[in-house]
Amino acid sequence: MATETPEQARAAYGVQSLSISEPAQSSSSNPTIQMSLEEKYQMLRSLADECIQEDELRNLLAHKPEPIAYDGFEPSGRMHIAQGVMKTINVNKMTSAGCRVKIWIADWFAMLNNKMGGDLKKIETVGRYMIEIWRASGMNLENGKVEFLWSSKEINARPDEYWPRVMDIAQKYTVQRITRCCPVMGRNVEEDLTAAQIFYPCMQCADIFFLQADICQMGMDQRKVNVLAREYCDEIKKKDKPIILSHHMLPGLQQGQEKMSKSDVSSSVFMEDEEAEVNLKIKKAYCPPNVVEGNPCMEYVKYLILPWFNEFIVERSEENGGNQSFKSFEELAADYESGELHPADLKSALSKALNKILEPVRAHFKNDETAKQLLQSVKKYRVTR
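Pasting the structure below:
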């Protein structure tokens, strides 16, 4: 990992692309190589549980050498592995397939949504901390293919382009239609929403056009506002609609938790957790014998470990079946369902693999003074909704 002075690090937090000279080596950080159209399509399609629309994605790749892919995040607290590891995997796949990736640091959105108590200074600190995570985890930031863009700075730089779009979207849709998009904020329609939170989906829809995104690569929880953007294209007679690649949402560690929660430390493995913390959390995780569906440990192997290493290694004594390397999830699932693979062996192997991924991140936050100070600040903040 390249080192830099605190002054250089702070300068890198602007709207320009961040880069590291020696990204961590793993299957998630392959250098860009020449791919056929079909290989690019399969690479991008592998990111998502759902693609809207597949024929449009093929056509885009056939006619645009460097499609713009957009993802965004609210700086809202410590980063868990779903946001850290999965985004690293997905961004590296997108750049390998020739995309330019714009990562929208939604600081104003976090303020509207009352994250960090709506304190913009705290939100900025959390955003900087999150960028440090991705740098350390091996996100491929070379050659300017990835840009981190702060929403407040970008919008203030081009307000005459942004706000008329927001107002046009707000004018074309009813309050009822907009509030149907509230799950993008982690809110339910039934909640007592502020006016700011109702305005939020109009702004997020406008982001897609403001960033000139060809592809919206986000979680399934962001699907509704991305669909709104496609509907808006019909309203304004725009032919080329944004293609939606909605990736899987990883569950929390405990039974019945549909997604990880930053406010519930027992539901998540955080990116800078110590090895012992990771081991303990996985040991306590819900992992019913012979059951694959709804098993968070199996999902973590499927969506994190196998894409990262291209294999999942289980180490065990000869009397318990000996060591085994699984190259596919189907192979792993068959052994687990049959009882050939015990939950304790699955958990042990999962903990070891996760710790291998997280070790460079832990080291960065221990050895880099700027990163260390950011983490100390973020740990002091109270997570708010």
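Residues 8 to 392 in my numbering are what the sequence shown lists, from first letter to last.
Backbone N, C-alpha and C define an ideal beta-carbon position, used for all residues, glycine too.
No experiment lies behind these values; they were computed from the predicted model shown.
Practice task
Helix, strand or coil for I222, going by three-state DSSP, please let me know.
Solution key: For the purposes of this step, residue 222 is taken as the residue at position 215 of the sequence shown. Residue state for I222 is assigned as strand, using DSSP reduced to three classes.
Practice task
Determine the closest residue to H70 out of G84, D221, L148 and A236, with distance taken between C-alpha atoms.
Solution key: What you label residue 70 is simply residue 63 of the sequence shown in a count that begins at 1. The candidate whose alpha carbon is nearest that of H70 is D221.
Practice task
Report yes or no: do the region 318–329 and the region 365–377 share at least 3 C-beta pairs separated by less than 8 angstroms?
Solution key: Taking one beta carbon from each stretch, the region 318–329 and the region 365–377 have fewer than 3 pairs nearer than 8 angstroms; the two do not touch.
Practice task
Could you name the residues that DSSP lists as bridge partners for R107?
Solution key: As a position in the sequence shown, residue 107 is number 100, starting the count at 1. In the DSSP output, where bridge partners are listed per residue, R107 has I75.
Practice task
Check each candidate in R85, P171, C294 and S274 and name the one with the smallest Cα separation from M137.
Solution key: For the purposes of this step, residue 137 is identified with residue 130 of the sequence shown, where counting begins at 1. Considering only alpha carbons, the answer is R85.
Practice task
May I ask you to report which of helix, strand or coil DSSP gives Q7?
Solution key: What the structure shows of the chain is the stretch from 8 to 392, and residue 7 is not part of that stretch, so it cannot be assessed.
Problem - For C294, three-class secondary structure by DSSP - result: Mapped onto the sequence shown, residue 294 falls at position 287. If DSSP states are grouped into helix, strand and coil, C294 belongs with coil.
Exercise for the section: With a cut-off of 8 angstroms on the beta carbons, I'd call K248 and R237 a contact; round off their distance for me. Expected result: As a working mapping, residue 248 is identified with position 241 in the sequence shown. As a working mapping, residue 237 is identified with position 230 in the sequence shown. About 5 angstroms separates the two Cβ atoms, so the contact holds.
Problem - Rounded straight-line distance, which links the Cα of M225 to that of A113 - result: Locating residue 113 in the sequence shown gives position 106, counting from the first residue. Locating residue 225 in the sequence shown gives position 218, counting from the first residue. So the two alpha carbons sit approximately 13 angstroms from each other.
Handout entry: Residues near S384 in its chain [Cβ-Cβ closer than 6 angstroms; skip 5 each side]
Key = As a working mapping, residue 384 is identified with position 377 in the sequence shown. Here the set comprises T132.
Problem - Inter-stretch contact (C-beta, 8 angstroms, three-pair minimum) for the region 285–292 and the region 349–361 - result: Contact holds: three or more Cβ-Cβ distances are below 8 angstroms.
Practice task
Grab me the residues of I312's own chain with a C-beta within less than 6 angstroms of its C-beta, minus the 5 sequence neighbours each way, in chain order.
Solution key: By 1-based counting over the sequence shown, the position of residue 312 is 305. Here the set comprises F319 and A360.
Problem - For C189, three-class secondary structure by DSSP - result: Here residue 189 refers to the residue found at position 182 when the sequence shown is read from its first residue. C189 falls in the helix class under three-state DSSP.
Handout entry: Contained beta strand (DSSP E) runs [length at least 3] in the region 300–353, N- to C-terminal order
Key = The qualifying runs are 319–321 and 331–333.
Problem - CA-to-CA distance, E242 to K387, given in whole angstroms - result: Mapped onto the sequence shown, residue 387 falls at position 380. Mapped onto the sequence shown, residue 242 falls at position 235. K387 and E242 have their alpha carbons spaced roughly 46 angstroms apart.
Problem - CB contact flag (F336, Y207, <8 angstroms) - result: By one-based count along the sequence shown, residue 336 stands at place 329. By one-based count along the sequence shown, residue 207 stands at place 200. Result no, Cβ atoms of F336 and Y207 do not sit closer than 8 angstroms.
Practice task
Give a yes or no on whether the C-beta atoms belonging to D78 and M227 are separated by under 8 angstroms.
Solution key: As a first step, residue 78 is located in the sequence shown; it is residue number 71 there, counting from the start. As a first step, residue 227 is located in the sequence shown; it is residue number 220 there, counting from the start. For the 8 angstroms CB-CB criterion, D78 and M227 do not form a contact.
Handout entry: Among A378, D126 and V390, the one whose alpha carbon lies nearest that of R135
Key = By 1-based counting over the sequence shown, the position of residue 135 is 128. Ranking the options by Cα distance to R135, first place goes to A378.
Problem - Under the three-state DSSP convention, the category I251 falls into - result: For the purposes of this step, residue 251 is taken as the residue at position 244 of the sequence shown. The answer is strand: DSSP assigns I251 an E or B state.
Exercise for the section: Would you list the residues sitting across from E154 in a DSSP beta bridge? Expected result: On the sequence shown, position 147 is the one that residue 154 refers to. Looking at the DSSP output, E154 shares a beta bridge with K109.
Exercise for the section: Under 6 angstroms Cβ to Cβ from K373, same chain only, skipping five residues before and after it: list those, please. Expected result: Counting from one through the sequence shown, the residue named residue 373 turns up at place 366. Hits under 6 angstroms: none found.
Exercise for the section: Verify whether the separation of the beta carbon atoms of M210 and A89 is less than 8 angstroms. Expected result: Within the sequence shown, the letter at position 203 stands for residue 210. Within the sequence shown, the letter at position 82 stands for residue 89. Here M210 is not near A89, since their CB atoms are 8 angstroms or more apart.
Problem - Cβ pair G124, T391 closer than 8 angstroms - result: Locating residue 124 in the sequence shown gives position 117, where the first residue counts as 1. Locating residue 391 in the sequence shown gives position 384, where the first residue counts as 1. Yes.
Handout entry: Those residues which DSSP pairs with H87 across a bridge
Key = Locating residue 87 in the sequence shown gives position 80, where the first residue counts as 1. Note: H87 sits in a beta bridge opposite F277.
Handout entry: Boundaries (first-last residue) of the beta strand (DSSP E) holding E57
Key = Translated into the one-based positions of the sequence shown, residue 57 becomes position 50. E57 -> beta strand (DSSP E) spans E57 to I59.
Exercise for the section: Kindly indicate which residue of D167, K109, L127 and K122 has the alpha-carbon position closest to the one of E154. Expected result: Position 147 of the sequence shown, counted from the first residue, corresponds to residue 154. Nearest option by C-alpha distance: K109.
Exercise for the section: Locate the alpha helix (DSSP H) running through K47, then write down its first and last residues. Expected result: Counting from 1 along the sequence shown, the entry for residue 47 is found at position 40. Unbroken alpha helix (DSSP H) run through K47: L44 to R52.
Practice task
Tell me whether L235 is buried or exposed, calling it buried when 16 or more other Cβ atoms sit within 10 Å of its Cβ.
Solution key: The residue given as residue 235 occupies position 228 in the sequence shown. Burial state of L235 is buried, judged by a 10 Å Cβ sphere holding 16 or more other Cβ atoms.
Exercise for the section: Report buried or exposed for A143, applying the criterion of at least 16 other Cβ atoms within 10 angstroms of its Cβ. Expected result: Here residue 143 corresponds to residue number 136 of the sequence shown, with the count starting at 1. The residue in question, A143, is buried, as its Cβ has 16 or more Cβ neighbours within 10 Å.
Exercise for the section: Tell me, to the nearest whole angstrom, how far the beta carbon of A104 is from that of M42; I am working on the premise that it is less than 8 angstroms. Expected result: Taking the sequence shown and counting its residues from 1, the one referred to as residue 104 is at position 97. Taking the sequence shown and counting its residues from 1, the one referred to as residue 42 is at position 35. That pair is a contact at about 6 angstroms.
Handout entry: Member of K100, N233, Q204 and I205 whose CA lies at the smallest distance from the CA of D214
Key = Residue numbering aside, residue 214 sits at position 207 when the sequence shown is read from its first letter. Ranking the options by Cα distance to D214, first place goes to N233.
Exercise for the section: Flag this pair as yes or no: are the beta carbons of I176 and Y239 separated by less than 8 angstroms? Expected result: The residue labelled residue 176 in the question sits at position 169 within the sequence shown. The residue labelled residue 239 in the question sits at position 232 within the sequence shown. Between I176 and Y239, the C-beta gap is smaller than 8 angstroms, which places the two residues in contact.
Practice task
Using the Cα positions of K290 and E344, report the straight-line distance between them to the nearest angstrom.
Solution key: Position 283 of the sequence shown holds residue 290. Position 337 of the sequence shown holds residue 344. Each residue's CA atom was taken as its position, placing K290 and E344 some 19 angstroms apart.
Problem - Residues near Q264 in its chain [Cβ-Cβ closer than 6 angstroms; skip 5 each side] - result: Within the sequence shown, residue 264 is the residue found at index 257, counting from 1. The beta carbon of Q264 sits closer than 6 angstroms to the beta carbons of P258 and S274 from its chain, once the five residues preceding and following it are set aside; these are given in chain order.
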